[in-house]
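Number of protein chains: 2
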Amino acid sequence: MQPESENRAAVEKSAQSANEIRYVAGADVGGTNLRLALADLSGTILARWSTSTVGLRGPEAVVERICSGVRMMLQQVSAPCEMLRSIAIGVPGIADVENGVVVAASYLMGWKDVPLRALVESRLNVPAVVDNDVNVAAIGEQWAGSAKNATDFVFLAIGTGIGAGIVLNGHLYRGSSWAAGEIGYMLLPGAADLPASVDEPGALEKRIGGEGIKGQWKKICLPEESGFNATEIFDLALDGNPRAQTLLHQSATTLAQAIYNISRILNCPLFVLGGTVGLHRALCDAAQRLLDQWMASDSPRLVRSVLGADAQIMGALRLALDSERSCARLIST
Amino acid sequence: MQPESENRAAVEKSAQSANEIRYVAGADVGGTNLRLALADLSGTILARWSTSTVGLRGPEAVVERICSGVRMMLQQVSAPCEMLRSIAIGVPGIADVENGVVVAASYLMGWKDVPLRALVESRLNVPAVVDNDVNVAAIGEQWAGSAKNATDFVFLAIGTGIGAGIVLNGHLYRGSSWAAGEIGYMLLPGAADLPASVDEPGALEKRIGGEGIKGQWKKICLPEESGFNATEIFDLALDGNPRAQTLLHQSATTLAQAIYNISRILNCPLFVLGGTVGLHRALCDAAQRLLDQWMASDSPRLVRSVLGADAQIMGALRLALDSERSCARLIST
Numbered sequence: 027m028q029p030e031s032e033n034r035a036a037v038e039k040s041a042q043s044a045n046e047i048r049y050v051a052g053a054d055v056g057g058t059n060l061r062l063a064l065a066d067l068s069g070t071i072l073a074r075w076s077t078s079t080v081g082l083r084g085p086e087a088v089v090e091r092i093c094s095g096v097r098m099m100l101q102q103v104s105a106p107c108e109m110l111r112s113i114a115i116g117v118p119g120i121a122d123v124e125n126g127v128v129v130a131a132s133y134l135m136g137w138k139d140v141p142l143r144a145l146v147e148s149r150l151n152v153p154a155v156v157d158n159d160v161n162v163a164a165i166g167e168q169w170a171g172s173a174k175n176a177t178d179f180v181f182l183a184i185g186t187g188i189g190a191g192i193v194l195n196g197h198l199y200r201g202s203s204w205a206a207g208e209i210g211y212m213l214l215p216g217a218a219d220l221p222a223s224v225d226e227p228g229a230l231e232k233r234i235g236g237e238g239i240k241g242q243w244k245k246i247c248l249p250e251e252s253g254f255n256a257t258e259i260f261d262l263a264l265d266g267n268p269r270a271q272t273l274l275h276q277s278a279t280t281l282a283q284a285i286y287n288i289s290r291i292l293n294c295p296l297f298v299l300g301g302t303v304g305l306h307r308a309l310c311d312a313a314q315r316l317l318d319q320w321m322a323s324d325s326p327r328l329v330r331s332v333l334g335a336d337a338q339i340m341g342a343l344r345l346a347l348d349s350e351r352s353c354a355r356l357i358s359t
Numbered sequence: 027m028q029p030e031s032e033n034r035a036a037v038e039k040s041a042q043s044a045n046e047i048r049y050v051a052g053a054d055v056g057g058t059n060l061r062l063a064l065a066d067l068s069g070t071i072l073a074r075w076s077t078s079t080v081g082l083r084g085p086e087a088v089v090e091r092i093c094s095g096v097r098m099m100l101q102q103v104s105a106p107c108e109m110l111r112s113i114a115i116g117v118p119g120i121a122d123v124e125n126g127v128v129v130a131a132s133y134l135m136g137w138k139d140v141p142l143r144a145l146v147e148s149r150l151n152v153p154a155v156v157d158n159d160v161n162v163a164a165i166g167e168q169w170a171g172s173a174k175n176a177t178d179f180v181f182l183a184i185g186t187g188i189g190a191g192i193v194l195n196g197h198l199y200r201g202s203s204w205a206a207g208e209i210g211y212m213l214l215p216g217a218a219d220l221p222a223s224v225d226e227p228g229a230l231e232k233r234i235g236g237e238g239i240k241g242q243w244k245k246i247c248l249p250e251e252s253g254f255n256a257t258e259i260f261d262l263a264l265d266g267n268p269r270a271q272t273l274l275h276q277s278a279t280t281l282a283q284a285i286y287n288i289s290r291i292l293n294c295p296l297f298v299l300g301g302t303v304g305l306h307r308a309l310c311d312a313a314q315r316l317l318d319q320w321m322a323s324d325s326p327r328l329v330r331s332v333l334g335a336d337a338q339i340m341g342a343l344r345l346a347l348d349s350e351r352s353c354a355r356l357i358s359t
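Taken in sequence, the protein lines are chains D and R.
Letter by letter, the first sequence follows residues 27 to 359 in my numbering.
Letter by letter, the second sequence follows residues 27 to 359 in my numbering.
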């Protein structure tokens, strides 16, 4: 990959080949893990890297890890740093995409107004894009997952937290202050009349978020069953455990109510379920049955994410590829 | 307005002036009234006409009234029928705008798959546009009302029925099967776990629709107060009647919950309240106070429609003007 000689023709040839072998990076910053991938301009993933984010304090430490990871991946493919052309980063919080600022993120030691794009760009010297992780996952699903070619759909991430990425007329709808899809706070039958404060989990999150399900399980399970998480509880339900079946039915009802409300507002034909809880087949199937009962032919179709935990990484790569292309267009004009 | 002579120059001059004096019509088909307006191409209303729709059976009778009304208005301004260039019609139901078909309308003797556009076009010989009445009202508010120049807002019509017109990125979002904004069915705290069947009023409509409010009032009012409607009950609340204040607070809480849910999904900064119930100042003010408490700086702004009952007519005229312009462009190219 180094120029073979100093003569002009060789330098030009080298510049040309460097142009051909270009890379983009995608990052998924989570509360427990940072995951990175490197892809060529066709979107093929050539390297991956990940590390723990537990206990990381402040944005600088996270940026440092992102940059180290990118360098490690470039080394893996024996490419110099100049071959990286752009990076996109999904963050678990509200992101001002226009200014590249993380407005608020509850999982990252309470980040507030962090200029993440500027921090990353000054270190890597390439254009960076910053967006909410659920939005990024929706883009991933639309590009290479369960919503391929769909113009109108909602991606629902149901894990520890709950959020929605809303794609309308082919494009993400991010809201007037970048907070569209914050559905963890949605008010539903059986919930308190008043919304939770923003510092505590919202009404929907309390009921079908991972911790919420574990909490409800502890109230109804046998002592020896108390250690299970949501996925394991839904597995128990499939195995015929009646207490787990009760909780599965409750969770599916709540999820179906939330999807019902979003459907009545947006009339979206497709919901893609992701996140550790949302990916469970039993939950998806039970919620679909309820919606079919309630809405008959108007019922939206629920599908599980085929990308799973990779939805964010794929979406980040797609955003990085788009950013690379628009920069290339700007330079060529 | 008749050609003064048969020579070619006079005919051309006449055609030219006919081109200059062109009109569009807007129609608002309601469960009790049909209202029409005629405007010139600047959007200035020059004539109005209305009639009752109570007891009208079948689309043909409604189309007949629309056409008579249009002819009467053209007569009022001494214009021949050829000077009408387009018409737009708002209907209280789900409208397939692309095909000009009323898919379903509960208030019009249960219209189903009525090709209203074709029926009107074959009678009036001008392009017709058919859309849901709440969507049409949202367009009216954006053009000449409380959402002037807003790119992202929700128009909430709260009368006998409840519906939303959703404007995102400057354009109405109508949903994949034209049913976006059917929020009367939204599930909220205190409502039944299961949605109502589509033949009965939805959970939200039961609680803050005009009939729903009257029904709740009858349970708590003194015998001599039982005849009041929603507007009069809210007036009583402003006058200090404690029973009316209780119902106002309940209604405002429900409305604030519905707006809260839509806000968490769409992050829209502005809600315009219309319809006989929605226009009441006391309801709007009380709901705004609750949202400000719950959401602090994220709270959307609630404003009452300044167009009131004219929102639909103004929106229909706007749609007719847009249709006239795109037809004129097509002809000139």
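Beta carbons are placed, not taken as given, at the ideal position from N, Cα and C, and that holds for glycine.
Note that the structure is predicted; figures quoted are calculated from it, not measured.
Residue i (DSSP reduced to helix, strand or coil)
i               : result
D225 of chain D : coil
W204 of chain D : coil
D311 of chain D : helix
S132 of chain R : coil
L182 of chain D : strand
F254 of chain R : coil
K138 of chain D : strand
G300 of chain D : strand
Residue-level contact to chain D via CB, residue i, 8 Å cutoff
i               : result
E207 of chain R : Per the sequence presented here, residue 207 of chain R reads as Gly, with Glu not at that position. Cβ-Cβ to chain D under 8 Å: yes for G207 of chain R.
S202 of chain R : yes
T272 of chain R : no
P29 of chain R  : With a pLDDT of 37 at P29 of chain R, under the threshold of 50, the modelled position of that residue is not reliable, and no figure is offered here.
Y286 of chain R : yes
W137 of chain R : no
D22 of chain R  : Given a span of 27 to 359 for chain R in the structure shown, any question on residue 22 of chain R remains unanswerable.
C310 of chain R : no
R290 of chain R : yes
M212 of chain R : yes
Sub-8 Å separation of residue i and residue j beta-carbons
i               : j               : result
P85 of chain D  : S112 of chain D : no
G126 of chain D : W137 of chain D : no
Q283 of chain R : P215 of chain R : yes
L150 of chain D : V96 of chain D  : yes
A229 of chain R : A218 of chain R : yes
I259 of chain D : L273 of chain D : yes
D54 of chain D  : A342 of chain D : yes
N293 of chain R : S202 of chain D : yes
S132 of chain D : R330 of chain D : no
G364 of chain D : L356 of chain D : Only positions 27 to 359 of chain D appear in this structure, which leaves residue 364 of chain D out of reach.
W320 of chain D : Y286 of chain D : yes
G207 of chain D : V303 of chain D : no
L328 of chain R : F297 of chain R : yes
Contacts around residue i, its chain only, beta-carbon distance under 6 Å, and the 5 residues preceding and following it disregarded
i               : result
R233 of chain D : T280
L64 of chain D  : Y49, A51, L72, A73 and M99
Q42 of chain R  : Its pLDDT being 46, under 50, Q42 of chain R is placed unreliably in this model, and the coordinates cannot settle the point.
V103 of chain R : L72 and A73
L264 of chain R : A308
D178 of chain R : L194 and C294
CB contact check: residue i to chain R, cutoff 8 Å
i               : result
D219 of chain D : yes
N151 of chain D : no
P295 of chain D : yes
Q283 of chain D : yes
P249 of chain D : no
L194 of chain D : yes
D122 of chain D : no
P215 of chain D : yes
D157 of chain D : no
D261 of chain D : no
7 Å Cβ shell around residue i - same chain, five flanking residues per side excluded
i               : result
L316 of chain R : A278, T279 and A282
Residues that residue i bridges to, as DSSP identifies them
i               : result
S76 of chain R  : R:R61
S112 of chain D : D:V50
N158 of chain D : D:V117
R327 of chain D : D:L296
Close-in-space but distant-in-sequence residues of the same chain around residue i (CB under 8 Å, 5 per side omitted)
i               : result
L145 of chain R : P85, E86 and V89
D336 of chain R : G166
L347 of chain R : V50, A65, L67, G69 and S112
is_contact[residue i, chain A] using C-beta, thresh 8 Å
i              : result
M98 of chain R : Absent from the structure is chain A; the protein chains it does hold are D and R.
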